[in-house]
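Engineer: Chains as they are written, first to last, in our numbering: chain A, -14 to 317; chain B, -14 to 317.
No residue lacks a Cβ here, since even glycine has one placed at the ideal position from N, Cα and C.
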DNA sequence: TTGTACGCGTTATCAC
DNA sequence: GTGATAACGCGTACAA
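#1: Among B:211, B:190, B:184, which has the Cα closest to the Cα of residue 197 of chain B?
#2: What residue does the alpha helix (DSSP H) around residue 254 of chain A start on, and which one ends it?
#3: Determine the contact status of residue 31 of chain B and residue 80 of chain B, defining contact as a CB-CB distance below 7 Å.
#4: Determine the chain B residues that contact residue 112 of chain A at a beta-carbon separation under 8 Å, and present them in chain order.
#5: Counting only runs of 4+ residues fully inside the stretch 76 to 147 of chain A, write out the alpha helix (DSSP H) ranges in chain order.
#6: Just to confirm before moving on: does the CB-CB distance between residue 281 of chain B and residue 108 of chain B stay below 7 Å?
#7: Say whether chain A places a C-beta atom closer than 7 Å to the C-beta of residue 293 of chain B.
#8: Ordered along the chain, which non-local residues of its own chain (more than five positions away) have a Cβ less than 6 Å from that of residue 317 of chain B?
#9: Once DSSP output is grouped into helix, strand and coil, what is the label at residue 166 of chain B?
#10: Check the Cβ of residue 290 of chain B against every Cβ in chain A and list those closer than 8 Å, keeping chain order.
#11: First and last residue of the beta strand (DSSP E) that includes residue 304 of chain A?
#12: Does chain B have any CB closer than 7 Å to the CB of residue 83 of chain A?
#13: Going residue by residue through the stretch 175 to 236 of chain B, where are the continuous beta strand (DSSP E) segments of at least 3 residues, counting only ones entirely within it?
#14: Rounded to whole angstroms, what is the Cα-Cα separation between residue 72 of chain B and residue 78 of chain B?
#15: Which residues in chain B have a C-beta closer than 7 Å to the C-beta of residue 40 of chain A? List them in chain order.
#16: Does the beta carbon of residue 21 of chain A come closer than 7 Å to any beta carbon on chain B?
#17: Between residue 262 of chain B and chain A, is the shortest Cβ-Cβ distance under 7 Å, so that the two count as touching?
#18: With three or more C-beta pairs closer than 8 Å as the rule, is the stretch 169 to 183 of chain A touching the stretch 199 to 213 of chain A?
#19: Count the other CB atoms, across all protein chains shown, that sit within 10 Å of the CB of residue -1 of chain A; report buried if there are 16 or more and exposed otherwise.
#20: Quick check on this structure: which residue in B:294, B:56, B:311 has the alpha carbon closest to the alpha carbon of residue 153 of chain B?
#21: Nearest by alpha-carbon distance to residue 106 of chain A: which of A:89, A:82, A:66, A:86 is it?
#22: DSSP three-state label for residue 31 of chain A, please.
#23: Is it buried or exposed, residue 70 of chain A, if we count other Cβ atoms within 10 angstroms and call 16 or more buried?
#24: With distance defined between alpha-carbon atoms, name the residue in A:285, A:183, A:139, A:306 nearest to residue 75 of chain A.
#25: Could you name the residues that DSSP lists as bridge partners for residue 50 of chain B?
#26: I think residue 277 of chain B touches residue 139 of chain B, with their Cβ atoms under 8 Å apart; what is that distance to the nearest whole Å?
#27: Straight-line CA distance for residue 194 of chain B to residue 166 of chain B?
#28: If we ignore side chains and look at the alpha-carbon of each, how far apart do residue 323 of chain A and residue 117 of chain A end up?
#29: In chain order, what residues of the same chain lie with their CB nearer than 6 Å to the CB of residue 287 of chain A, ignoring the 5 residues before and after it?
#30: Give the DSSP-derived three-state secondary structure of residue 269 of chain B in the structure shown.
#31: How should residue 90 of chain A be labelled, buried or exposed, when 16 other C-beta atoms within 10 angstroms of its C-beta is the threshold for buried?
#32: Need the endpoints of the alpha helix (DSSP H) that residue 36 of chain B sits in, please.
#33: Would you grab the beta carbon distance between residue 36 of chain B and residue 101 of chain A for me? Rounded to a whole angstrom, and I think it's under 8 Å.
#34: Mapping DSSP to helix, strand and coil, what is residue 297 of chain A?
#35: Short check: CB of residue 141 of chain B to CB of residue 300 of chain B, under 7 Å?
#36: For residue 14 of chain B, name the three-state secondary structure that DSSP assigns.
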């Protein structure tokens, strides 16, 4: 027998569909006897209401899309995890996609939104120039990503983070500092680079930024990092655009016989809970993910209920004081 | 104006709803002129088909639920990431939930399945005795988890992994080896413990297993690990039930002044890509996640199309040869 | 080659 | 208190 529907329950209980629906939703006036009757029929048949039919009528799915470049990286993993928990508490479930460098996949997810499958979307991907975003009245919130003027951005104080990291390295005597960042020009992550460049310039130092995108294979990342050392024999510090890069750089440096922090200083960015505990020696800029995700959910809800919001929300960063940026560490 | 529907497009193009539907789905015979006409109307109105209405008609959502204890841990992050990629290629999108120790949340997700919101479910959580699983004909696949006799399990060769790790530690001279595992008695992860215990017994050694569940806060995990050292002053090796435990144990040990591998040997379990690159020195048992997720998707599809499957699929493990289990490492 | 009419499972409206 | 009926937006026999 196929899954029972409302009508089957109604027939079984000897009432109308309306009555069953009322029992299901606690609406209207019903005699206790009827209620008991219907509930009995429901459990006897093992009936479960069909969510999809409800969604069609309500034009609301209680589903939120989350689109990230990857979810296996600790930063995005923690981001996704926090968002899911917070959205769940508000009654939403989450459709997640890692769009790994795949613009067509991102477009596909966007079409779902436009097709009323999700009530809202949180984007943290980095593909550019996707026409589908040029729609109206879409409840979207971006994390660390610029989409267009209408879509609010949640981010950490990337510029200040870049400044802080670079200053610390210079304070420790570093002169040949290399930075890693992503290729997407319109990402707020570029502000990390701007902070780095402005401090370098103020100190009359030449800066050099290498591109390491999120969604490339790890082996490729290691190759790129190795190349940095190859091309910069005098390198004495790295300000990595994220902690994964920083951690990989530590490994590559050690493979090449460089000792950290004596031969090479390293500072990362993100400061996820995982990295802080697995690699506590890594000095890094902490993004306040808890606050950022709280806000992302709030702003999304505001947009979904048609409220206006600000365009940009910048969160203060803090620093995790490890030892990878202190060459005198071993002397203590 | 509200979002346009099929009927609006039809009126705009001067044809019937059926014709528009045909154009949308490339079905039946249509004149090129009509096709162009309809497509023009579609783009002029900015029409997008309503997925929910389609789902109702087809009684299929192309949505798969994935239920994991957490997604911020690298193992589950990579698992979720791989599953999402592979399901996407087959035309499915993914609803993800981390059920962090919350049985009611797990039940809630199960009800979604029963409510026809998803076509299938992949479970890797560890909550027990959930009655909702006792349903019939649910397309479910479990990863590293025993649910009931009807639901197939995908797992690595946990027993052999436990044996292998313990033997290696004993070969290096360890005698006081502590193991960590989860509290869920019916998890296949217990086979890691059984492997460990059988080898310990065969060598006339006393084993001791500590419980560290996946979904407790990191600070709590660190406390539990610290307690292990407190209660076992003679400890000379740890076989951690997963790599996160292993990595944290390394940190706690170092904080207590223990040097690895000279004072303490460590072997982990999982061997995710991230940990292999961030902490390559950690010797660990590698689960073939790529194969396991391939199979999980295949088996789920088989179940969804009503085919019978085996009850258990065990994948061979390999070892990542780091240096944390080789006390003579520094002598080389 | 195109159109009509019905059904997917639920809830809202109005009547009794 | 309860029931009949329409409506949500789409796809598909069947007819033309």
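Structural biologist: In brief:
#1: B:211
#2: Unbroken run through residue 254 of chain A is the beta strand (DSSP E), 250 to 255; no alpha helix (DSSP H).
#3: no
#4: Per Cβ cutoff of 8 Å: no residues; residue 112 of chain A is ~15 Å from chain B at best.
#5: 88 to 99
#6: no
#7: no
#8: Caution applies to residue 317 of chain B, whose pLDDT of 45 falls short of 50 and renders its modelled position unreliable; the value that the coordinates give is listed next. Nothing listed; no residue qualifies.
#9: strand
#10: Those do not exist, as residue 290 of chain B stays about 16 Å from chain A at its closest Cβ, beyond 8 Å.
#11: 303 to 305
#12: yes
#13: 193 to 196, 222 to 224
#14: 7 Å
#15: 37
#16: no
#17: yes
#18: no
#19: exposed
#20: B:311
#21: A:82
#22: coil
#23: buried
#24: A:285
#25: B:80, B:106
#26: 5 Å
#27: 7 Å
#28: Here chain A covers residues -14 to 317 and nothing more, so residue 323 of chain A does not appear.
#29: 294
#30: strand
#31: buried
#32: 36 to 43
#33: 6 Å
#34: strand
#35: yes
#36: coil
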